[in-house]
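**Student:** Mind looking over this structure? Questions follow.
Numbering (UniProt numbering), first residue to last: 1 to 323.
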């Protein structure tokens with residue numbers, strides 16, 4: 001690896017600590033899935049630093065509640081809710097249509113589904129691949145002109161952040177059957193495929209838009225107890241070693257504020273100006289994965305440029321767009 005990019009922050013840093021000292025006044029940020037979990041803290045940190053933040057989610061009641069809480073803390077309106085269901089291509093297209101040509105400085109693809117039983121999106125895609133990757137793929141490519149417009153308007157680079165996971169180690173992308181039409185379904189393999197796709201998407205997006213002033217990086221936020229675990233029983237979480245005998249998260253898990261830190265660093269960190277196509281964790285460029293440290297690092301298949309191009313072509317074909 002070339003000289004590894006690091007920051008003054010680490011695994012225990014919080015989103016507010018990372019954004020401290022940054023003035024985001026005049027910047028517009030969209031954070032998907034920001035009605036719950038680390039998305040809330042990501043949106044809050046950006047808004048309190050001055051950005052206008054759109055909470056793009058599928059539950060209006062929760063989204064409006066979060067926006068109101070952020071605005072109350074900020075003392076003025078900086079957050080608002082935008083309806084989008086990433087499991088519906090029509091919903092995504094409607095969101096982009098309503099958004100129009102307004103510039104976007106930061107697009108943070110935070111929403112996700114984990115370890116769900118075999119379910120399908122409105123359009124027939126396997127739920128984890130369809131929501132985590134294809135939904136964000138369509139949203140991002142539809143809004144790419146808005147990111148480029150922000151660059152032209154401000155003279156400063158725009159950024160896209162794609163949330164991946166250490167779960168990418170469980171599987172690469174199965175290009176022959178990504179939606180489990182002809183193979184047995186395994187929820188963790190499917191999650192791994194989706195998280196690999198999230199990382200490869202950052203590689204592919206950065207390749208296509210870096211010369212237009214937009215960079216993209218993937219982020220591993222860390223282990224955090226959030227509604228992402230909604231499809232897992234307590235027994236399963238205990239068996240995986242996530243919970244102790246008192247059903248408390250084991251050492252190494254982060255708070256939501258800590259979990260949002262790397263996303264915020266990817267969005268504002270000066271160390272990443274003009275830098276893209278990386279996989280980030282603990283507010284630094286990730287080291288290569290190794291058996292000695294199985295819960296950290298990135299595997300080569302998640303950053304493979306050829307796989308990223310292949311995924312881009314597949315995604316265009318599946319969502320019916322050319323971007």
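All C-beta atoms, glycine included, are put in the ideal place defined by N, C-alpha and C.
Only a predicted model underlies this, so the values are computations on that prediction, with no experimental measurement involved.
#1: Hey, would you say residue 289 sits closer than 8 Å to residue 298, going by beta carbons?
#2: Which first and last residues belong to the alpha helix (DSSP H) in which residue 52 is found?
#3: Tell me the rounded alpha-carbon separation between residue 212 and residue 107.
#4: To the nearest angstrom, how far is it from the Cα of residue 81 to the Cα of residue 42?
#5: What would DSSP say about residue 209, mapped onto helix, strand or coil?
#6: Using the C-alpha atoms, what's the distance from residue 109 back to residue 29?
#7: Nearest CA to the CA of residue 218: which residue from 304, 6, 183 and 278?
#8: Closest to residue 314 by C-alpha separation, out of 174, 266, 170 and 9, would be which residue?
#9: Near residue 77, what residues of its chain come up, given a Cβ to Cβ distance below 6 Å and the 5 sequence neighbours on each side ignored?
#10: Hey, would you say residue 187 sits closer than 8 Å to residue 115, going by beta carbons?
#11: Less than 8 Å between the beta carbons of residue 22 and residue 268, yes or no?
#12: So what's residue 193 in DSSP terms, helix, strand or just coil?
#13: Can you name the start and end residues of the alpha helix (DSSP H) that residue 70 belongs to?
#14: Verify whether the separation of the beta carbon atoms of residue 47 and residue 40 is less than 8 Å.
#15: For residue 81, does the three-state DSSP call read helix, strand or coil?
#16: Give the range of the alpha helix (DSSP H) segment to which residue 38 is assigned.
#17: In this structure, does DSSP put residue 153 in helix, strand or coil?
#18: Give every residue of the same chain whose Cβ lies closer than 8 Å to the Cβ of residue 95, excluding the five residues on either side of it in the sequence, and list them in chain order.
#19: I'd like to know whether the C-beta atoms of residue 15 and residue 281 end up nearer to each other than 8 Å.
#20: Rounded to the nearest angstrom, what separates residue 261 and residue 7 at their Cα positions?
#21: By Cβ distance, which residues of its chain are closer than 6 Å to residue 204, with the 5 residues on each side in sequence left out?
#22: Rounding to the nearest angstrom, what Cα-Cα distance links residue 195 and residue 68 in this structure?
#23: Check the C-beta distance from residue 157 over to residue 151 and give it rounded, since I have them as a contact under 8 Å.
#24: Would residue 86 and residue 37 qualify as a contact pair, given that the criterion is a beta-carbon distance under 8 Å?
#25: From residue 141 to residue 100, what does the alpha carbon distance come to, in whole angstroms?
#26: For residue 2, count neighbouring Cβ atoms within 10 angstroms of its own Cβ and tell me buried if that reaches 16, exposed if not.
**Tutor:** Concretely, from the data shown:
#1: Yes, the pair counts as a contact, with Cβ atoms nearer than the cut-off.
#2: For residue 52, no alpha helix (DSSP H) segment is defined; the enclosing uninterrupted segment is the beta strand (DSSP E) at 52 to 57.
#3: Those two C-alpha atoms are separated by around 15 Å.
#4: Going from the Cα of residue 81 to the Cα of residue 42 covers about 14 Å.
#5: Three-state DSSP puts residue 209 in a helix.
#6: So the two alpha carbons sit approximately 11 Å from each other.
#7: The shortest C-alpha separation from residue 218 is found at 278.
#8: Out of 174, 266, 170 and 9, 174 has the C-alpha closest to the C-alpha of residue 314.
#9: Once the five neighbours on either side are set aside, the close Cβ partners of residue 77 are 71.
#10: In terms of Cβ geometry, residue 187 and residue 115 form a close pair [threshold 8 Å].
#11: A contact, by the Cβ cut-off of 8 Å.
#12: The three-state reading of DSSP puts residue 193 in helix, counting H, G and I together.
#13: Unbroken alpha helix (DSSP H) run through residue 70: 60 to 74.
#14: No; because the gap between Cβ atoms is not below 8 Å, this pair is not in contact.
#15: Reduced to three states, the DSSP call for residue 81 is strand.
#16: Run containing residue 38: 37 to 48, per the alpha helix (DSSP H) assignment.
#17: Three-state DSSP puts residue 153 in a helix.
#18: Result list for residue 95: 56, 82, 83, 84 and 139, in chain order.
#19: No, these two residues do not count as a Cβ contact at 8 Å.
#20: Each residue's alpha carbon lies about 12 Å from the other.
#21: Contacts found: 308 and 312.
#22: One C-alpha to the other measures close to 31 Å.
#23: Sure, about 6 Å apart at Cβ, within 8 Å.
#24: No, these two residues do not count as a Cβ contact at 8 Å.
#25: Residue 141 and residue 100 have their C-alpha atoms roughly 14 Å apart.
#26: If you draw a 10 Å sphere on the C-beta of residue 2, you find fewer than 16 other C-beta atoms in it, and that means exposed.
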